[in-house]
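Residue numbers (the numbering used here), protein chains in the order written: chain A, 23 to 184; chain B, 19 to 165.
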Amino acid sequence: MLISFAESIVDSMLTQWIQSTYWLWPVLEITHFIGLTLLLGGLIVIDLRMAGFFRAIDPAATHKLLPAVILGFALNLITGILFFYGDPMRYSINIGFQIKMVLVIIAGLNAAVYHFKVDPILQTMDRNLASPAIAKLVALTSLGAWTGVLLLGRLIPYVGTG
Amino acid sequence: MFLELENTAIALWVGTSLWAYPFLLSIHIVGLAIVVGIFSMRDLRLLGIFSSLSIRTFCYLQNLAIAGFVLNAVSGVLLFTSQASVFVTSIPFLTKISAILVGMVLAFVIQSKLTSEVDIKTKLLAVVSLACWTSAIIAGRLIAYIF
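This is the structure in structure tokens:
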């Protein structure tokens, strides 16, 4: 599916523009790195507190960082799509990229569990009490998945085809 | 001196082992996310964003950010050894290291101000700190493009 999509876009105008604009790739990379610091910076605080660490921090207030997380994700989604369009045949068959995308999907589903299941529970309880098990699980899954995304993303140029 | 460093056993291991370099790069990006992630949230908070989050939150996170820094100092030194003579003349590399040094000094200055009211001076430090970490990321990425 990924490979047939890559084949369908490889001759697109967007691909040709990205490949012929010599300064664009480093600009996209820098933006992708800044995006990841916003995404992870916010999540480190939110998830570690939700997992039960740093008990001195007010757990409800950590969620004010969510706009930074969402902005970081949006930046990285846009720059990520442009990377894929810029070199579709290389990314689509790369095992590092494929696993990275699976982890992004897991992180997305996990965020949905947070939004629809965990957040409503947290809203109704005294947040200074210990987090319920499902909240800890969601927090640790989030940190684990995103750490995996970072590791796999960095390995894309070094691993082979899948 | 830097050529000698490149020929030490550890530098040769980093440079020639199939997995050492990508492994260290992967560690380096996790450390980056921890250090710059926490410090940028702190600086944005000092500038008035997420204002219902207590500034003291970042007192507790300082040690975690320093742990991320140590992770990156170690992985960074190891990456450096493999191509020391190239890096040491690289303008982006030298810019990156300068920005990180200023950013870390500022981190300790800002840490000492997290328990009091945010004044204009602290906000200014936050702006400079954000600029340092952004510059470090930009310069770090450009190492691969500008020789």
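Glycine is no exception: its CB is placed at the ideal position from the N, C-alpha and C atoms.
How many angstroms separate the CA atom of residue i from the CA atom of residue j?
{"i": "Cys-77/B", "j": "Leu-132/B", "result": "7 Å"}
{"i": "Val-135/A", "j": "Val-126/A", "result": "14 Å"}
{"i": "Thr-53/A", "j": "Val-54/B", "result": "14 Å"}
{"i": "Pro-81/A", "j": "Ser-100/B", "result": "43 Å"}
{"i": "Thr-75/B", "j": "Ala-78/A", "result": "8 Å"}
{"i": "Ala-157/A", "j": "Thr-37/A", "result": "42 Å"}
{"i": "Met-111/A", "j": "Asp-33/A", "result": "11 Å"}
{"i": "Gly-118/A", "j": "Asp-141/A", "result": "32 Å"}
{"i": "Phe-98/B", "j": "Phe-105/B", "result": "7 Å"}
{"i": "Ala-117/B", "j": "Leu-142/B", "result": "16 Å"}
{"i": "Gly-175/A", "j": "Ser-134/B", "result": "40 Å"}
{"i": "Leu-71/B", "j": "Ala-27/B", "result": "48 Å"}
{"i": "Leu-160/B", "j": "Ala-155/A", "result": "44 Å"}
{"i": "Gly-130/A", "j": "Val-160/A", "result": "11 Å"}
{"i": "Leu-144/A", "j": "Met-123/A", "result": "29 Å"}
{"i": "Leu-19/B", "j": "Phe-111/B", "result": "Looking at the sequence itself, residue 19/B is Met, so the reference to Leu does not match. One C-alpha to the other measures close to 18 Å."}
{"i": "Leu-173/A", "j": "Ile-121/A", "result": "10 Å"}
{"i": "Asn-132/A", "j": "Leu-21/B", "result": "48 Å"}
{"i": "Gly-102/A", "j": "Gly-94/A", "result": "12 Å"}
{"i": "Phe-75/A", "j": "Asn-25/B", "result": "43 Å"}
{"i": "Trp-39/A", "j": "Asp-69/A", "result": "39 Å"}
{"i": "Gln-41/A", "j": "Ile-92/A", "result": "28 Å"}
{"i": "Ala-162/B", "j": "Leu-151/A", "result": "48 Å"}
{"i": "Gly-158/B", "j": "Leu-43/B", "result": "12 Å"}
{"i": "Asp-148/A", "j": "Phe-138/A", "result": "18 Å"}
{"i": "Thr-43/A", "j": "Ile-115/B", "result": "29 Å"}
{"i": "Phe-87/B", "j": "Met-122/B", "result": "9 Å"}
{"i": "Asp-229/B", "j": "Gln-129/B", "result": "Residue 229/B lies beyond the residue range present for chain B, which begins at 19 and ends at 165; the question has no answer from this structure."}
Report the CB separation of residue i from residue j in whole angstroms; it is logged as a contact under 8 Å.
{"i": "Leu-60/A", "j": "Ala-83/A", "result": "Actually they are not in contact, since the Cβ atoms of Leu-60/A and Ala-83/A sit about 18 Å apart, beyond 8 Å."}
{"i": "Ile-45/B", "j": "Leu-89/B", "result": "6 Å"}
{"i": "Ile-25/A", "j": "Asn-116/A", "result": "Not confirmed; about 11 Å, so no contact."}
{"i": "Phe-68/B", "j": "Leu-87/A", "result": "6 Å"}
{"i": "Leu-65/A", "j": "Ser-164/A", "result": "6 Å"}
{"i": "Ile-109/B", "j": "Ile-164/B", "result": "7 Å"}
{"i": "Leu-79/B", "j": "Val-67/A", "result": "7 Å"}
Tell me whether the beta-carbon of residue i lies closer than 8 Å to the beta-carbon of residue j.
{"i": "Leu-23/B", "j": "Ala-102/B", "result": "yes"}
{"i": "Ala-73/A", "j": "Ser-153/A", "result": "yes"}
{"i": "Met-59/B", "j": "Gly-57/A", "result": "no"}
{"i": "Gly-124/B", "j": "Val-145/B", "result": "It should be pointed out that residue 124/B corresponds to Leu in this sequence rather than to Gly. In this structure, Val-145/B does not lie closer than 8 Å to Leu-124/B by Cβ."}
{"i": "Trp-47/A", "j": "Gly-108/A", "result": "yes"}
{"i": "Val-127/B", "j": "Cys-150/B", "result": "no"}
{"i": "Thr-113/B", "j": "Ser-153/B", "result": "yes"}
{"i": "Tyr-180/A", "j": "Pro-40/B", "result": "yes"}
{"i": "Leu-50/A", "j": "Phe-105/A", "result": "yes"}
Taking DSSP as the reference, what is the three-state secondary structure of residue i?
{"i": "Asn-81/B", "result": "helix"}
{"i": "Asn-116/A", "result": "strand"}
{"i": "Leu-119/B", "result": "helix"}
{"i": "Asn-98/A", "result": "helix"}
{"i": "Gln-101/B", "result": "coil"}
{"i": "Leu-43/B", "result": "helix"}
{"i": "Arg-60/B", "result": "helix"}
{"i": "Val-106/B", "result": "coil"}
{"i": "Thr-37/A", "result": "helix"}
{"i": "Ser-164/A", "result": "helix"}
{"i": "Gly-182/A", "result": "coil"}
{"i": "Arg-77/A", "result": "coil"}
{"i": "Phe-165/B", "result": "coil"}
{"i": "Met-23/A", "result": "coil"}
{"i": "Met-19/B", "result": "coil"}
{"i": "Asp-141/A", "result": "helix"}
{"i": "Leu-65/B", "result": "coil"}
{"i": "Ser-42/A", "result": "helix"}
{"i": "Glu-135/B", "result": "coil"}
{"i": "Met-147/A", "result": "coil"}
{"i": "Ala-152/A", "result": "coil"}
{"i": "Asp-109/A", "result": "coil"}
{"i": "Thr-71/B", "result": "With the sequence shown as reference, residue 71/B is identified as Leu, and Thr is not the correct amino acid for it. Coil at Leu-71/B, not helix or strand."}
{"i": "Thr-26/B", "result": "coil"}
Is there a Cβ of chain C sitting closer than 8 Å to that of residue i, yes or no?
{"i": "Ile-156/B", "result": "Absent from the structure is chain C; the protein chains it does hold are A and B."}
Item to check | the segment 29-42 of chain B / the segment 59-71 of chain B touching (three or more Cβ pairs under 8 Å) | outcome: no
Item to check | Segment contact, 8 Å Cβ cut-off, at least three pairs: the segment 92-100 of chain B with the segment 35-53 of chain B | outcome: yes
Checklist entry - Would you call the segment 165-177 of chain A and the segment 81-90 of chain B touching, i.e. three or more CB-CB distances under 8 Å? => result no
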